[in-house]
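Enquirer: Would you mind keeping the following structure in view while I ask a few things?
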Amino acid sequence: MTIKKVMVIGAGQMGSGIAQVCAQSGYDVLLNDVSEEAIQKGFGHIDKLLTKSVDKERISEQKKNDTLSRIQPTTDIQKVENCDMVIEAIVENMDVKTKVFRELDASAPSHAILATNTSSLPITEMAAATNRPDQIIGMHFMNPVPVMKLVEVIRGLQTSDETYQAVADMAKELSKTAVEVNDYPGFAANRILMPMINEAIYAVHEDVASVEDIDTVMKLGMNHPMGPLTLADFIGLDTCLYIMEVLHDGFGDSKYRPCPLLRKYVNAGWLGKKSGRGFYQYS
Ligand code: NAI
842 MTIKKVMVIG AGQMGSGIAQ VCAQSGYDVL LNDVSEEAIQ KGFGHIDKLL
892 TKSVDKERIS EQKKNDTLSR IQPTTDIQKV ENCDMVIEAI VENMDVKTKV
942 FRELDASAPS HAILATNTSS LPITEMAAAT NRPDQIIGMH FMNPVPVMKL
992 VEVIRGLQTS DETYQAVADM AKELSKTAVE VNDYPGFAAN RILMPMINEA
1042 IYAVHEDVAS VEDIDTVMKL GMNHPMGPLT LADFIGLDTC LYIMEVLHDG
1092 FGDSKYRPCP LLRKYVNAGW LGKKSGRGFY QYS
C-alpha cells in the first residue's frame, strides 16, 4: 500500500518529533492534539529544532520551510478520513488510548493503518477495541525522535504481514532502522533496558558503590554513552517504575520486582531531571 498522508495524534515530546521526521521525509502530516495551545507548543518545538539545523548548516532554509509547510495542525480527529496512516502518541493510559482507537476506527478510511507509539501497553488489546485488528501495530520510536535511529515495529496477535511490511517500509523512508518485535510486556527495548536500570538502583540501595561510580562502571567499562542512573533521571523515575510494574505484572516473575529505592524516590516526588532531583540534583 502507498502511504502519503499521516495523522499524528498528540503533539507532545514524541508526537512533535514523529510529525517532524514524517514531514522531513515528504509525507503530508496532520498534527492533532486536544487544544490549539498544545499543537502550537509542538509546532514551536519543531520550528526551533529545524532552525537549529539551519544554523548548523545541516539543512537549508528551503528544506526547513518545506518541512513546516507539510504539517497541518488540527484539533479535529475526524480529519483522519483523508489519511492512509495514523501514529498515536498520546498519554500512556490504556483507557484513553482505547477510546481514541475506537474513534479512529470509526472515521479512518478502511485501508488506513492505525499505529501506536506506546512504550509499554499491549498492542493486541488496543487492536481488539477496533474492527480492523489486522491493521493495528506498534511503532515505537525512541526519544529524541529526530536523532534516534531505532523503531521497534510491534506485531499484535492479529497484525497482518501487509501491515507489518508497510510500516517497516515507512520506517525505512524515515531513515530509521526497524526491528520486528512481538507483543510481550516491555517489547524488546524496555524489557532489556529497564531491568538494567533497576539493577543499577539495587546496587545503590545495597551500597555496592556510589551513584557516580555505578555510572562510571557502565560508561567506561561497557562503553555506554550515559550511565544507567543518569539515563533513569532523563527518562523520569516515575516512567521507569511504571515500566517495571508492567514487566512485573505481565510476567509475574520476581526478577522484575521494582527496587524499593526507586519506589521511595517516586513517592518523594524525586522524578529525575524534570523535577530537579533524582539520583542527581539539577538546578
Ligand atoms: P507528552 O505528555 O509529551 O505528550 C502527550 C500529548 O498528547 C500531549 O500534548 C497531550 O495534550 C496529548 N493528548 C492527550 N490526550 C489526547 C487525546 N485524546 N487526543 C489528542 N491528543 C491528546 O507525552 P510523550 O512523552 O510524547 O509520550 C507519548 C507516548 O509516547 C506515550 O504513549 C509514551 O509512552 C510514548 N513514548 C514516550 C517516550 C519518551 O521518552 N517520552 C519514548 C517512547 C514512547
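When you read off a place in the sequence shown, starting at 1, and then add 841, the result is the number in the working numbering. The C-beta atom is built at its ideal place from N, Cα and C for all residues, glycine as well. If you're wondering where the values come from, they're calculated on a predicted model, not measured in any experiment.
1. Between glycine 1113 and the rest of its own chain, which residues show a CB-CB distance below 6 Å, the 5 nearest in sequence each way excluded?
2. Could you give the DSSP three-state label for methionine 989: helix, strand or coil?
3. Quick check on leucine 998: buried or exposed, where buried means 16 or more other Cβ atoms within 10 Å of its Cβ?
4. Going straight from the alpha carbon of lysine 889 to that of arginine 1098, what length do you get?
5. Is the separation between the beta-carbon of serine 948 and that of valine 921 shorter than 9 Å?
6. Please state whether DSSP places histidine 1065 in a helix, a strand or coil.
7. When you compare the CB positions of threonine 971 and isoleucine 928, do they come within less than 9 Å of one another, or not?
8. Report buried or exposed for arginine 899, applying the criterion of at least 16 other Cβ atoms within 10 angstroms of its Cβ.
9. When DSSP labels each residue in this structure, what does histidine 1089 get in the three-state scheme?
10. Kindly give me the distance between the Cβ atoms of lysine 940 and leucine 962, rounded to whole angstroms, as I take these residues to be in contact under 8 Å.
11. Looking at C-alpha atoms only, which residue of Ser1001, Thr1071, Ala1030 and Tyr1043 is the closest neighbour of alanine 953?
12. Express the C-alpha separation of glycine 858 and valine 994 in angstroms, rounding to a whole number.
13. Counting only the same chain and skipping the five closest in sequence on each side, list residues whose C-beta sits under 7 Å from that of arginine 919.
14. Would you mind stating whether alanine 1030 and alanine 1019 have Cβ atoms separated by less than 9 Å?
15. Quick one: does the C-beta of glutamate 1021 sit closer than 8 Å to a heavy atom of the ligand PLP?
16. How long is the line joining the alpha carbons of serine 925 and threonine 843, rounded to whole angstroms?
17. Please return the same chain residues whose Cβ sits closer than 6 Å to the Cβ of histidine 1065, not counting the five positions on each side in sequence.
18. Which of the three DSSP states, helix, strand or coil, is assigned to threonine 959?
Expert: According to the data block:
1. Taking the sequence shown and counting its residues from 1, one reaches residue 1113 at position 272. The residues are Asp1074, Gly1077, Leu1078 and Gly1119.
2. What you label residue 989 is simply residue 148 of the sequence shown in a count that begins at 1. If DSSP states are grouped into helix, strand and coil, methionine 989 belongs with coil.
3. If you number the sequence shown from 1, residue 998 lands on position 157. Under this definition leucine 998 is an exposed residue.
4. Here the question's residue 889 lines up with position 48 in the sequence shown. Here the question's residue 1098 lines up with position 257 in the sequence shown. So the two alpha carbons sit approximately 40 Å from each other.
5. Numbered from its first residue, the sequence shown carries residue 948 at position 107. Numbered from its first residue, the sequence shown carries residue 921 at position 80. The answer is yes: Cβ separation under 9 Å.
6. Against the sequence shown, residue 1065 aligns to sequence position 224. In this structure, histidine 1065 counts as coil in the three-state DSSP scheme.
7. For the purposes of this step, residue 971 is taken as residue 130 along the sequence shown, with counting starting at 1. For the purposes of this step, residue 928 is taken as residue 87 along the sequence shown, with counting starting at 1. Contact: no.
8. Within the sequence shown, residue 899 is the residue found at index 58, counting from 1. So arginine 899 ends up on the exposed side.
9. For the purposes of this step, residue 1089 is taken as the residue at position 248 of the sequence shown. Three-state DSSP puts histidine 1089 in a helix.
10. For the purposes of this step, residue 940 is taken as residue 99 along the sequence shown, with counting starting at 1. For the purposes of this step, residue 962 is taken as residue 121 along the sequence shown, with counting starting at 1. That belief does not hold up - the Cβ atoms of lysine 940 and leucine 962 are roughly 13 Å apart, past 8 Å.
11. As a working mapping, residue 953 is identified with position 112 in the sequence shown. For alanine 953, the nearest C-alpha among the options comes from Ser1001.
12. Here residue 994 is taken as the residue at index 153 of the sequence shown, counted from 1. Here residue 858 is taken as the residue at index 17 of the sequence shown, counted from 1. If I take the Cα positions, the gap works out to 17 Å.
13. Residue mapping note: residue 919 aligns to position 78 of the sequence shown, counting from 1. Going by the sequence as given, residue 919 is glutamine instead of arginine. Cβ within range, chain order: Ser948.
14. To locate residue 1030, count along the sequence shown from 1; it is residue 189. To locate residue 1019, count along the sequence shown from 1; it is residue 178. Not a contact, by the Cβ cut-off of 9 Å.
15. In the structure on display, the ligand PLP does not appear, and the ligands it does have are the ligand NAI.
16. For this step, residue 925 is matched to residue 84 along the sequence shown. For this step, residue 843 is matched to residue 2 along the sequence shown. As written in the sequence, residue 925 is aspartate, which differs from the serine given in the question. Straight-line Cα distance between these residues: approximately 8 Å.
17. Here residue 1065 corresponds to residue number 224 of the sequence shown, with the count starting at 1. Within the same chain, histidine 1065 has close Cβ partners Met1059.
18. The sequence position of residue 959 within the sequence shown is 118, counting from 1. Of the three classes helix, strand and coil, the one that applies to threonine 959 here is coil, per DSSP.
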